[in-house]
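Position 51 of the sequence shown, counted from 1, bears residue number 59 in my numbering, the numbering being contiguous throughout. The beta carbon of each residue, even a glycine, is placed where N, CA and C say it ideally should be. This one's a predicted model, so the numbers in the text were calculated from it and none came from an experiment.
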Amino acid sequence: MPRKIFLAIIVVLIAAPIVSAHASLVRADPAPNSILPSAPKQIALTFDEAIDLSFSSVQVSDAARARVDTNFVTLAPNNAQEIRAPLKTLGNGTYSVVWKVLSAADGHITRGVYAFSVGEASAATPDATSESAASETAPLAIIARGVNLFALLALVGAVFFKEYLLTRSLRAVHADESRAEARWMQLAALACALLLASEIVRLALQANLVADGINPQTISQVLFDSRLGTVWILRFILIALAAFLLFRFSPRASILVSVLGALLLIFLY
Numbered sequence: 009m010p011r012k013i014f015l016a017i018i019v020v021l022i023a024a025p026i027v028s029a030h031a032s033l034v035r036a037d038p039a040p041n042s043i044l045p046s047a048p049k050q051i052a053l054t055f056d057e058a059i060d061l062s063f064s065s066v067q068v069s070d071a072a073r074a075r076v077d078t079n080f081v082t083l084a085p086n087n088a089q090e091i092r093a094p095l096k097t098l099g100n101g102t103y104s105v106v107w108k109v110l111s112a113a114d115g116h117i118t119r120g121v122y123a124f125s126v127g128e129a130s131a132a133t134p135d136a137t138s139e140s141a142a143s144e145t146a147p148l149a150i151i152a153r154g155v156n157l158f159a160l161l162a163l164v165g166a167v168f169f170k171e172y173l174l175t176r177s178l179r180a181v182h183a184d185e186s187r188a189e190a191r192w193m194q195l196a197a198l199a200c201a202l203l204l205a206s207e208i209v210r211l212a213l214q215a216n217l218v219a220d221g222i223n224p225q226t227i228s229q230v231l232f233d234s235r236l237g238t239v240w241i242l243r244f245i246l247i248a249l250a251a252f253l254l255f256r257f258s259p260r261a262s263i264l265v266s267v268l269g270a271l272l273l274i275f276l277y
């Protein structure tokens, strides 16, 4: 039985892809720091990953900081890695492009800014572009991720401990299992509660990263209006299913709980 559980977890871990990068800009039209003879009709940005439009934006401003985009972003036909932002009629001058994209692959936010000119460049034209990934290394995010991983490993470890150490040891000495069972259930319940609580905290922090604020509306948007939300919903379903199997069908659910734990570990990053 232990070998079956181990093999099941290994198969799940190997079969599922783990993506931890962020979308990087590979091409822009107009190009950064370019000087165009005529005004463009749109901004086209191409990235090295598919983009989720839910929390992606492109803002184009003139030298007076007035927006000249239409506040509308679309994906290019048959290309989920390219986004386009239509522009109003532009006059001569320098324009700044401020963009933010949400990777459809891993849910990471990337931001960037660059400038281009029409006719001739102004004296204030930047000579470099800027790009950065939203930080996921804030102290609270690190703590939440650590608690999440600890609770997950504690839950799966508790299953192994009970099935292959505690129960067999108690039966070997003909000891009363009821008291140990009650304490084990308390430990498993605590692990499930910590796992759920840390997931909620991580969801709120992720909403803050992608939507620049934590409130019920942004959390709802992350959950239900983005591809990233599908992953979070799946996480909560896996936690609920693992808890149900553990407390309803223990000890027969050890393999399923272990596999669910492996799936949660995959979706942790």
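Just the C-alpha distance for residue i and residue j, rounded to the nearest angstrom, thanks.
i      : j      : result
VAL109 : ARG191 : 47 Å
LEU213 : VAL239 : 15 Å
SER64  : VAL81  : 8 Å
ASP135 : GLN67  : Legend: pLDDT at ASP135 = 49, less than 50; position of this residue unreliable, value from coordinates given subsequently. Their Cα atoms are separated by approximately 19 Å.
ASN79  : ASN223 : 23 Å
SER111 : GLU189 : 45 Å
VAL155 : GLY237 : 21 Å
GLN229 : LEU217 : 13 Å
PRO85  : GLY221 : 31 Å
SER104 : ALA129 : 12 Å
HIS30  : TRP107 : 14 Å
LEU34  : MET193 : With the sequence shown as reference, residue 34 is identified as Val, and Leu is not the correct amino acid for it. Taking the straight line joining both Cα atoms gives about 52 Å.
LEU254 : LEU148 : 30 Å
ILE227 : LEU198 : 25 Å
ILE241 : ALA219 : 18 Å
GLN225 : ARG235 : 16 Å
ALA146 : GLY120 : 20 Å
ARG256 : ASP233 : 33 Å
ALA113 : ALA215 : 16 Å
ARG187 : LEU83  : 60 Å
PHE168 : SER177 : 13 Å
ALA166 : ARG92  : 50 Å
By alpha-carbon positions, which one of the options ends up nearest to residue i?
i      : options                        : result
LEU98  : VAL126, THR118, SER111, PRO224 : VAL126
LEU61  : THR118, TYR122, LEU157         : THR118
GLN50  : GLY115, PRO94, LEU160, ALA112  : PRO94
TYR122 : PHE244, ASN41, ALA31, ALA196   : ASN41
PHE244 : CYS200, LYS96, LEU148          : CYS200
HIS116 : LEU198, GLU57, SER46           : GLU57
ALA47  : VAL76, PHE55, SER32            : VAL76
ALA36  : ALA166, PHE124, LYS96          : PHE124
LEU157 : PHE168, ARG187, ALA205         : ALA205
Cβ of residue i within 8 Å of Cβ of residue j?
i      : j      : result
ALA152 : ARG210 : yes
GLU90  : LEU44  : no
GLY101 : ALA71  : yes
LEU249 : ALA196 : no
GLU207 : ILE247 : yes
Return the Cβ separation of residue i and residue j in integer angstroms, given the expectation that the two are a contact with Cβ distance under 8 Å.
i      : j      : result
ALA88  : ILE59  : 6 Å
LEU203 : LEU160 : 6 Å
SER32  : PHE55  : 6 Å
Name the one or two DSSP bridge partners that residue i has.
i      : result
PRO94  : GLN50
ILE117 : LEU110
SER125 : ILE43, THR102
ASP77  : LEU95
VAL66  : TRP107
ASN87  : ALA84
PHE255 : PHE255 is not bridged to any residue.
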